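Participant: All residue numbers for the sequence shown refer to full-length UniProt numbering, where the first residue is 1 and numbers rise by one.
So that we are looking at the same thing, I have put the structure below in structure tokens.
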Amino acid sequence: MSESVYESIVEHSNDGIFLAQDGEIVYANQRLCELTGYEKADLIGASKWQIVAPDDRELVEGYHFARMSGDTAPSQYEIELQTADDELVAVELSVSRVDYEGEPAAASICRDITDRQQYQQRLEEQRDNLELLNQVVRHDIRNDLQIVVAYSEMLDGKVDEDAEGYLRSIRESARNAVDLTATARDLANVMLQQHERKTIALDRPLEQQIESIRSAHATAVINVAGSIPPVTVYGNELLDAVFRNLLQNAIQHNDKEVPEISVSVDRGDDTIRVSVADNGPGIPENQREEIFGKGEKGLESEGSGIGLYLVYTLVDSYGGSVWVEDNEPEGAVFIVELPVADSDE
Numbered sequence: 001m002s003e004s005v006y007e008s009i010v011e012h013s014n015d016g017i018f019l020a021q022d023g024e025i026v027y028a029n030q031r032l033c034e035l036t037g038y039e040k041a042d043l044i045g046a047s048k049w050q051i052v053a054p055d056d057r058e059l060v061e062g063y064h065f066a067r068m069s070g071d072t073a074p075s076q077y078e079i080e081l082q083t084a085d086d087e088l089v090a091v092e093l094s095v096s097r098v099d100y101e102g103e104p105a106a107a108s109i110c111r112d113i114t115d116r117q118q119y120q121q122r123l124e125e126q127r128d129n130l131e132l133l134n135q136v137v138r139h140d141i142r143n144d145l146q147i148v149v150a151y152s153e154m155l156d157g158k159v160d161e162d163a164e165g166y167l168r169s170i171r172e173s174a175r176n177a178v179d180l181t182a183t184a185r186d187l188a189n190v191m192l193q194q195h196e197r198k199t200i201a202l203d204r205p206l207e208q209q210i211e212s213i214r215s216a217h218a219t220a221v222i223n224v225a226g227s228i229p230p231v232t233v234y235g236n237e238l239l240d241a242v243f244r245n246l247l248q249n250a251i252q253h254n255d256k257e258v259p260e261i262s263v264s265v266d267r268g269d270d271t272i273r274v275s276v277a278d279n280g281p282g283i284p285e286n287q288r289e290e291i292f293g294k295g296e297k298g299l300e301s302e303g304s305g306i307g308l309y310l311v312y313t314l315v316d317s318y319g320g321s322v323w324v325e326d327n328e329p330e331g332a333v334f335i336v337e338l339p340v341a342d343s344d345e
């Protein structure tokens, strides 16, 4: 490839590029001129410090020295260029040693990252807002709902027969809302933090959630078919939220006077399946993707909710799967399949 072709490629690059020898700029492409607001004639022969922000000059000097001397240095730095109008432009800087007209030169490539930094700033602001909302859900709203539940229980037997039904509805709705705040908290935690997949015992979080749901829903019948093996799976500390939401879903969306839930665990060679079967109305086949928020409408799909969306999000991050099948003779079976961790990990 001819020298003129190389020069054409560099000149039309989307990144600002300049060559420096002994701290003096000997070449600058058009994109660098656009980034800094200088004409080429103003840059050629000028000190490279003319376009580097004062706070970054020591960093750039060390980077250039390392590259020119052949020492190992990080491939990229984020710095700021100083424009002709004394404004600052954030760039990602990478430097290489090249030969220019028979002499070594430091070739600096400056990629504009202004949009990326603004996007990161917006993400940080959204993160802060989500953290605040999460705090309100965890404390203020949850505490008020628990007070509603407590006072409704104190009214048992103290209202007339006509009002008893309304009182039960108030209490049940408040309890469901308390459960919803827990789900919202877990979903916010997933969004706010990077929960790495690790190894975790399956039996303890599953058994704890079964007992917790039993205590909270005295009218429901929850049976465990067989025993829960003490197997280790890939997951994290939010695995209990998967089981809690599946059990709550089986009760809250049940149309029977006495919800009946059956939990079973089946071990395979590399995976283990946890099945939560109910005697409810079942799930139509055409809604079995949408209830997890997986369809085009996401959480706006009919029948979907944040509880099942959280289940899908967590199980998918563990490398597992979750789906729905028909229960016999009635109801639905939610099945979570998780990868079994190697015994030596």
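Ideal Cβ positions, reconstructed from N, Cα and C, are used throughout, including at glycine.
All values derive from a computational prediction rather than experimental measurement.
Would you kindly work out how many angstroms separate the C-alpha atoms of residue 266 and residue 286, rounded to a whole number?
Facilitator: Rounded to the nearest whole angstrom, the CA to CA distance from residue 266 to residue 286 is 27 Å.
Participant: Is the segment 49-61 touching the segment 119-135 in the sense that three or more CB pairs, one from each, lie closer than 8 Å?
Facilitator: no
Participant: Could you tell me how far apart the beta carbons of residue 108 and residue 20 are, in whole angstroms, since I believe they sit closer than 8 Å?
Facilitator: 7 Å between Cβ atoms; contact.
Participant: Does the beta-carbon distance from residue 259 to residue 220 come in below 8 Å?
Facilitator: In contact: residue 259 and residue 220 (Cβ atoms closer than 8 Å).
Participant: Going straight from the alpha carbon of residue 152 to that of residue 145, what length do you get?
Facilitator: 11 Å
Participant: If I follow the unbroken alpha helix (DSSP H) through residue 146, where does it start and stop?
Facilitator: 142-154
Participant: Whole angstroms are fine: how far does the CA of residue 189 sit from the CA of residue 250?
Facilitator: Spanning the two alpha carbons is a distance of roughly 24 Å.
Participant: May I have the straight-line CA-CA distance separating residue 204 from residue 338, to the nearest angstrom?
Facilitator: 15 Å
Participant: What are the partner residues of residue 334, as DSSP defines its beta bridges?
Facilitator: 276 and 324.
Participant: Is the beta carbon of residue 78 closer than 8 Å to that of residue 92?
Facilitator: yes
Participant: Out of curiosity, what's the CA-to-CA distance linking residue 118 and residue 341?
Facilitator: Computed Cα separation, rounded: 40 Å.
Participant: From what residue to what residue does the beta strand (DSSP E) around residue 232 run?
Facilitator: 232-235
Participant: So residue 112 packs on residue 32, CB below 8 Å; how close in whole Å?
Facilitator: At roughly 10 Å, the Cβ-Cβ gap does not stay under 8 Å, so residue 112 and residue 32 are not in contact.
Participant: Taking residue 90 as the reference, give the member of 97, 106, 53 and 105 with the closest Cα.
Facilitator: Comparing C-alpha distances from residue 90 to each of 97, 106, 53 and 105 shows the shortest one belongs to 53.
Participant: In the DSSP assignment, what are the bridge partners of residue 18?
Facilitator: As DSSP reads the structure, residue 18 sits in a beta bridge with 28 and 108.
Participant: Counting along the chain, where does the alpha helix (DSSP H) carrying residue 311 start and finish?
Facilitator: Per DSSP, the unbroken alpha helix (DSSP H) holding residue 311 starts and ends at 306-317.
Participant: Count the other CB atoms within 10 Å of the CB of residue 208; is the residue buried (16 or more) or exposed (fewer)?
Facilitator: exposed
Participant: Could you tell me the alpha carbon to alpha carbon distance between residue 106 and residue 45, rounded to whole angstroms?
Facilitator: 14 Å
Participant: Once the 5 residues before and after residue 244 are set aside, which same chain residues still bring their CB inside 6 Å of it?
Facilitator: The residues are 209.
Participant: Taking the CB atoms as reference points, tell me whether residue 231 and residue 261 lie closer together than 8 Å.
Facilitator: no
Participant: Please state whether the Cβ-Cβ distance between residue 323 and residue 306 is less than 8 Å.
Facilitator: Contact flag unset, no.
Participant: How should residue 155 be labelled, buried or exposed, when 16 other C-beta atoms within 10 angstroms of its C-beta is the threshold for buried?
Facilitator: exposed
Participant: Would residue 161 be called buried (16 or more neighbouring beta carbons within 10 Å of its own) or exposed?
Facilitator: Label assigned to residue 161: exposed.
Participant: Identify which residue in 227, 253 and 316 has its Cα closest to the Cα of residue 234.
Facilitator: 316
Participant: Do residue 149 and residue 175 have their C-beta atoms closer together than 8 Å?
Facilitator: Yes, Cβ-Cβ distance for residue 149 and residue 175 is below 8 Å.
Participant: Between 22, 23, 28 and 24, which lies nearest to residue 11 when the distance is taken from Cα to Cα?
Facilitator: Out of 22, 23, 28 and 24, 28 has the C-alpha closest to the C-alpha of residue 11.
Participant: Determine the direct distance from the alpha carbon of residue 318 to that of residue 224, and round the result to whole angstroms.
Facilitator: 24 Å
Participant: Under 8 Å Cβ to Cβ from residue 302, same chain only, skipping five residues before and after it: list those, please.
Facilitator: Bear in mind that the predicted position of residue 302 carries a pLDDT of just 47, short of 50, making it too unreliable to give a figure here.
Participant: Residues in the same chain with beta-carbon distance under 6 Å from residue 256, minus the five sequence neighbours each way, listed in chain order, please.
Facilitator: Cβ neighbours of residue 256 beyond the five flanking positions: 279.
Participant: Spatial neighbours of residue 297 within its chain, please: C-beta separation below 6 Å, excluding the five flanking residues on both sides.
Facilitator: Residue confidence for residue 297 is low, a pLDDT of 44 falling below 50, so the modelled location carries little weight and cannot support an answer.
Participant: I'd like the list of long-range same chain contacts for residue 333, defined as Cβ closer than 6 Å, with 5 residues on each side in sequence excluded.
Facilitator: 275, 277, 325 and 327
Participant: Report the CB separation of residue 178 from residue 222 in whole angstroms; it is logged as a contact under 8 Å.
Facilitator: The pair is not a contact, with the Cβ atoms about 19 Å apart (cut-off 8 Å).
Participant: Would DSSP call residue 224 helix, strand or coil?
Facilitator: Here residue 224 sits in strand by DSSP.
Participant: Count the other CB atoms within 10 Å of the CB of residue 76; is the residue buried (16 or more) or exposed (fewer)?
Facilitator: exposed
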